[in-house]
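Contents: one structure, followed by commentary.
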Amino acid sequence: MSLAGRYMDSVHSKYMRDALREAERAASEGEVPVGCVIVHNNRIIGRGHNQREKLKDSTAHAEMIAITAACETLGTWRLEESTMYVTLEPCPMCAGAIVLSRIPTLVFAAHDPKAGACGTLYDIVRDGRLNHIVEVISGILEYDSQSMLQEFFQSLRNKKQSPEG
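The sequence shown lines up with residues 0 to 164 when you count with numbering that gives the first Met the number 0.
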């Protein structure tokens, strides 16, 4: 791997760790542990973690919250020259929001076999019929994200099976 390639892997891992910290916040609040950060000019401009239960809002996904925060930070809906880091492959709703926000690069950790819309089930972000195409990089700290998700869902199953659950 070239020096530039190793540098980019290092940068992607750095920001994915920030997204993983957001996912940990979600888990600590009883939410599915998905976290997201959006970076512009080497600065995090938006953060989010799942808050569907807390906000009683089906659209309160980590990506949607981070996009709203990033737009507020930049004072525009166009998130050009930004990179989104998210711990789980975005769903169709979030993939559509990424396209509409004009985010040029998406980096995600784990693929989502049940709802992934960035290459797994659908590929909304790279659909040439839309007005914006997103570069996708996947698998960055994938194991960390998958482990967190597996532990969360195992904990839920254990609670349901316990006599108190």
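Each residue gets a CB set at the ideal place from its N, CA and C atoms; glycine is no exception.
Nonlocal neighbours in the same chain, by C-beta distance under 7 Å from residue i, ignoring five residues either side
i	result
G115	E88
Whole-Å CB distance - residue i paired with residue j, under 8 Å assumed
i	j	result
I136	S12	Not quite, the Cβ-Cβ distance comes to about 11 Å (not below 8 Å), so this is no contact.
V38	T82	5 Å
I66	A96	6 Å
S146	L19	So it is not a contact: roughly 10 Å between Cβ atoms.
C-alpha gap between residue i and residue j, whole angstroms
i	j	result
C35	I43	10 Å
D111	N41	27 Å
Q153	M63	26 Å
R24	P103	26 Å
T72	R101	15 Å
E30	C70	24 Å
For residue i: DSSP bridge partner residues
i	result
T104	T82, E134
I43	V38
D122	C117
Residue i vs residue j beta-carbon contact at 9 Å
i	j	result
N130	V106	no
R51	E21	no
E141	A109	yes
H60	M15	no
Contacts around residue i, its chain only, beta-carbon distance under 6 Å, and the 5 residues preceding and following it disregarded
i	result
D17	V36
E79	R101
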